[in-house]
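Here's the structure we're looking at; comments come further down.
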Amino acid sequence: MLHIILRYTFRNLLRNRFYHFISIIGLIIAMTCSFFILVWADYELSFDRFYSTGERLYRLTFEYHSKEHQSHFARSYQNWVLQIPEFFPEVEQMIRLQPMRESRIRINQNKFYNSRNFSSDSSFFEVFGFELLRGDPEKILAEPRSVVLSESIANKYFENENPVGKEIFSGHQFDTIMNMYTVTGIMKDFPVNSHFHVDILSSFDDPKQHVGWAYIYLLLHEGSDPETMLFKFPDFLRQFMNNEDLADWTPHLQLVKDIHLYSDKDREIEHNGNIQNISIFFIVALVLLIVALINYANIQFTVINKKMGFIFLNRAVGARIRDVSRFIVVESATQNLTAFLFSFLLLIIGMPLFNKIFGYQVDLAHWNIWLQLCTTGLIFIGLGIFIGSYPVLLLRGKEKLLNLTGQIFYQSGFSLIYPRGKMNGRKAMTVLQFLGAVILIISTLLVNKQLNYMLGSSIGSGQTDILVLKNLARPVLDDYTIFKRELLSNSLVREVSASMEEPGHEVLDAMQFEMDGMDESLIGEYLNVLPVDNSFLEFYDIPLIAGENFPDYLGMDANEYYIINESALKKLGFRSPEDAIGQPFKLTFQWPGIFKGGKIIGVSEDFHFYSMNKAIKPIVMFQKHIFFWCFVIRVDDNNFDQAVDYVANTWDRIYPDYPLEYHFVDDLYAAIYQTEIMQVKVMGIFSLLTIILALLGLVSVVMYSTEMRTKEIGIRKVNGAGIFRILLLLNGEIFVQILVTLLLAIPLTWYIINRWLQNYIYRIDIHWSIFVFAGLIIIILALLSTSYQTYRAADRNPVESLRYE
């Protein structure tokens with residue numbers, strides 16, 4: 002019996018190969034994309050889940066909120082936290098992780114920068130449990146000036162040598178000298194699914210390191226309640242601040258395993274993911290899957306309707322529905338299993354390309370993901386078999402009329418698919434298919450438009466002739482004026498400027514200020530600060546709306562001049578830009594003697610320096626070269642390579658001890674818009690695949706429809722209908738279905754995108770032209786994809802059509 006069923010299955014698959022090919026292709030596309038999304042989601046959800054103490058490990062963060070200034074910092078001020086283990090019995094261990102910023106490293110004769118250089122407490126490995134390849138975890142960071150290297154750093158710079166006991170030199174970005182450290186251990190490279198990564202970890206032994214900001218991790222005792230601990234925090238903080246200041250600070254405890262997907266705080270240790278992305282991509286994958294299943298169901302009903310003669314002939318000679326169903330179930334299972342196996346193969350082959358396109362390091366090495374994939378695949382197969390077999394099950398005991406030619410009419414749920422009503426099930430499913438495709442297409446266009454708007458509105462974006470030298474070492478800043486003069490002496494360099502922050506890096510540093518006649522509400526308030534040189538505004542084409550630009554920089558002891566942006570103008574309460582010009586102004590800073598006071602000489606327009614999902618901050622600009630951590634150089638784009646060589650040679654001559662590293666502005670902005678860029682990529686790919694599936698489904702439906710209406714078309718032609726009229730008849734139905742789809746899709750998409758745009762303070766307007774453009778694309782593609790079939794049916798000789806009918 003089995004060999005008969007298999008023989009019938011393969012014979013039927015070959016007989017209706019066009020329909021089955023479309024079915025299998027649709028299932029392969031849907032399953033493969035779903036598998037990729039599942040693997041990626043599993044990777045995102047796996048971040049920081051490998052800690053054995055994960056349910057007790059928290060990060061301490063502080064939220065600052067005054068009347069007009071709010072920030073939530075991922076790190077904490079160390080002076081506030083040193084006594085935490087003594088004050089709170091809930092705390093078992095406390096770990097401080099202090100970044101060395103873009104530190105300078107020298108190993109043997111190799112000089113390089115490293116942003117994954119941290120100092121930490123000796124119990125670091127005990128709390129986090131990262132694997133040590135060499136060294137004792139209890140003693141490895143106990144000695145002064147000891148350092149642990151990652152496996153990759155050790156292999157790269159020590160090759161086959163044992164680094165333990167060797168010396169390296171490291172200097173904090175702000176330090177003028179480099180300190181010597183002894184290698185006491187080698188640690189395994191951090192897992193890729195960790196919210197932070199360390200290449201070089203030094204001991205936390207110098208009292209000077211016990212100031213400033215650090216990331217604070219707390220391991221609580223079993224059964225401790227973090228809410229109880231937070232309730233007691235105000236009493237703890239009263240040691241360091243008065244009640245008035247205390248009201249501005251709120252501590253938070255964040256589970257480490259939640260950081261990657263749920264944290265977007267100021268000064269995050271690395272760029273995190275976004276739980277919203279997982280939700281969006283699951284929905285997009287679900288839309289694609291629904292379109293594929295509708296396509297599959299439509300084709301299955303078509304194929305089964307074509308072989309009703311076979312089904313009822315078997316019924317007429319005594320076969321049971323169960324016997325007939327076996328043929329259909331095996332045929333459906335064969336298609337779904339084939340799609341499942343091809344999807345697995347494509348997943349394995351395509352994973353390296355997936356990682357390259359999206360910048361991930363997802364792998365399929367662990368058994369858990371294979372279990373999830375197999376479970377999901379079996380669900381797909383079961384669902385596909387049910388959909389494929391459902392039409393036959395509907396026939397059980399419900400046949401009313403039997404016609405061995407296949408032109409059958411019966412009363413059952415199956416009649417929802419192919420009756421001749423104005424909006425039957427077949428047309429409804431076509432509308433539903435295209436509804437998903439249209440929503441994805443319009444959404445992708447609008448998300449892409451928002452992304453382009455954000456990138457295009459930020460200063461320096463789209464300019465490929467700008468070199469960005471960021472996170473510079475403190476000694477480099479002292480010779481900035483010499484470096485700038487040397488560069489501008491050659492026509493290959495057009496402009497040079499400097500600032501504290503690079504484009505794409507949020508201006509977070511803020512200072513209190515003093516101003517004559519300032520309102521009482523401003524006392525104790527903060528203004529964000531952006532040290533710049535006198536070329537900054539001109540370099541980025543930022544207009545002044547009042548006053549003048551900075552004069553040439555004459556050094557730290559020169560008169561102080563300030564330029565504020567429009568947001569700062571409003572915060573300070575000036576009625577007009579002109580009223581601010583000449584006003585005495587002074588910043589107050591923790592380092593005495595840095596600011597002596599001066600006056601406001603200009604007001605600039607607001608400008609976007611960071612992500613546009615955050616409001617432009619009130620900013621005051623001033624010239625202080627000790628804060629110029631970033632140089633920007635505009636070179637001759639027509640002689641780019643020569644210009645870069647000249648910059649490199651000039652750098653090596655002035656800064657021989659510091660390697661040159663440069664970046665491009667667009668790359669810096671791309672880093673902060675990773676979420677949006679990935680959304681555009683994924684939605685674009687899924688939109689394309691969804692419309693392909695919908696068009697394939699439409700072709701199969703139109704092919705079957707024209708076959709069923711061959712006699713009708715022949716009669717119409719005999720009665721005088723021309724080819725154009727027949728085409729109008731056949732394509733008119735398609736046009737109506739697409740029009741219904743657009744009428745449903747437009748309000749749905751407008752609502753969805755409007756909700757999504759609420760995440761951005763600065764956003765595009767949803768213009769009607771996007772909907773018209775998308776609608777025209779869908780209509781044109783639909784008509785082009787079916788024109789061959791409809792023209793072939795309309796051009797057919799009516800005598801031949803009626804003879805075969």
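The numbers in the sequence shown follow my numbering, run straight up by one, and end at 806. Just so you know, even glycine gets a beta-carbon here, dropped at the ideal spot from N, CA and C. Small disclaimer: the values here were computed from a predicted structure and weren't measured.
| Check | Outcome |
| --- | --- |
| For Phe343 and Ala366, the rounded distance between their alpha carbons | 19 Å |
| Inter-residue Cα distance where the pair is Thr177 and Lys112 | 16 Å |
| Any 3 or more C-beta pairs closer than 8 Å across the segment 654-671 and the segment 461-471 | yes |
| Minimum length 4: unbroken alpha helix (DSSP H) runs contained in the segment 32-93 | 79-82 and 85-88 |
| Residue range of the unbroken alpha helix (DSSP H) whose run includes Ser203 | No alpha helix (DSSP H) holds Ser203; the beta strand (DSSP E) holding it covers Ile201 to Ser204. |
| Outcome for Arg576 when other beta-carbon atoms lying within 10 angstroms are tallied against a minimum of 16 | exposed |
| Three or more C-beta pairs below 8 Å linking the segment 433-453 and the segment 146-153 | no |
| Touch test, the segment 52-72 against the segment 179-194, Cβ-Cβ under 8 Å, three pairs minimum | no |
| Closest residue to Glu56 among Phe129, Asp122 and Glu139 (Cα-Cα distance) | Phe129 |
| Cut-off 8 Å between Cβ atoms - residues of its own chain near Val702, not counting five sequence neighbours on either side | Asn299, Thr303, Arg427 and Thr431 |
| Straight-line Cα distance separating Val165 from Tyr182 | 11 Å |
| Minimum C-alpha distance to His66 - residue among Tyr789, Arg239, Glu526 and Glu144 | Glu526 |
| Same chain, Cβ closer than 8 Å to Gln790, neighbours up to 5 away in sequence not counted | Val700, Val703, Met704 and Thr707 |
| Ile582 - DSSP class collapsed to helix/strand/coil | coil |
| Identity of the residue in Phe540, Gln71 and Gln94 nearest Gln464 by Cα | Phe540 |
| Element boundaries [alpha helix (DSSP H), containing Val477] | Arg475 to Asp479 |
| Classification of Val193 by the beta-carbon crowding that lies within 10 angstroms, buried from 16 upward | exposed |
| Alpha-carbon spacing of Leu758 relative to Ser280, whole angstroms | 16 Å |
| Option in Ile692, Leu784 and Thr742 with minimal Cα separation from Leu729 | Leu784 |
| Contact check, Ile270 vs Leu338, beta carbons under 8 Å | no |
| Endpoints, alpha helix (DSSP H) assigned at Ile655 | Phe641 to Ile655 |
| The alpha helix (DSSP H) enclosing Phe131, as first and last residue numbers | From DSSP, Phe131 is part of no alpha helix (DSSP H); its letter is neither H nor E. |
| Extent of the continuous beta strand (DSSP E) to which Val666 belongs | Per DSSP, Val666 belongs to no beta strand (DSSP E); it is in the alpha helix (DSSP H), Val666 to Ile673. |
| Contacting residues, own chain, Cβ-Cβ under 6 Å from Cys631 (five flanking each side not counted) | Lys471, Ser500 and Glu503 |
| Arg97 and Asp122 closer than 8 Å at C-beta | yes |
| Residues near Ile30 by beta carbon distance below 8 Å, same chain, minus five either side | Leu289, Ala293, Leu690, Ile693 and Leu694 |
| Presumed contact (8 Å Cβ cut-off) between Ile460 and Phe608, rounded CB distance | 5 Å |
| Rounded C-alpha distance that separates Tyr218 from Ile260 | 12 Å |
| Under the three-state DSSP convention, the category Lys600 falls into | strand |
| Close Cβ partners of Ile673 (< 7 Å) along its chain, the five nearest in sequence each way excluded | Gly505, Tyr611 and Ser612 |
| Backbone CA spacing between Gly422 and Ala429 [nearest angstrom] | A caution first: Gly422 carries a pLDDT of 45, below 50, which makes its placement in the model unreliable, though a value can still be read off. One C-alpha to the other measures close to 11 Å. |
| Other residues of its chain near Ile23: CB distance less than 8 Å, five sequence neighbours each side excluded | Asn296, Ile300, Leu697, Gly698, Val700 and Ser701 |
| Rounded C-alpha distance that separates Arg764 from Asp638 | 32 Å |
| Residue from Phe774, Ser462, Lys625 and Asp265 with nearest C-alpha to Thr676 | Asp265 |
| Start-end ranges of the beta strand (DSSP E) lying completely within the segment 173-261, minimum 3 residues | 180-188, 201-204, 214-221 and 250-256 |
| Other residues of its chain near Lys597: CB distance less than 7 Å, five sequence neighbours each side excluded | Glu561 |
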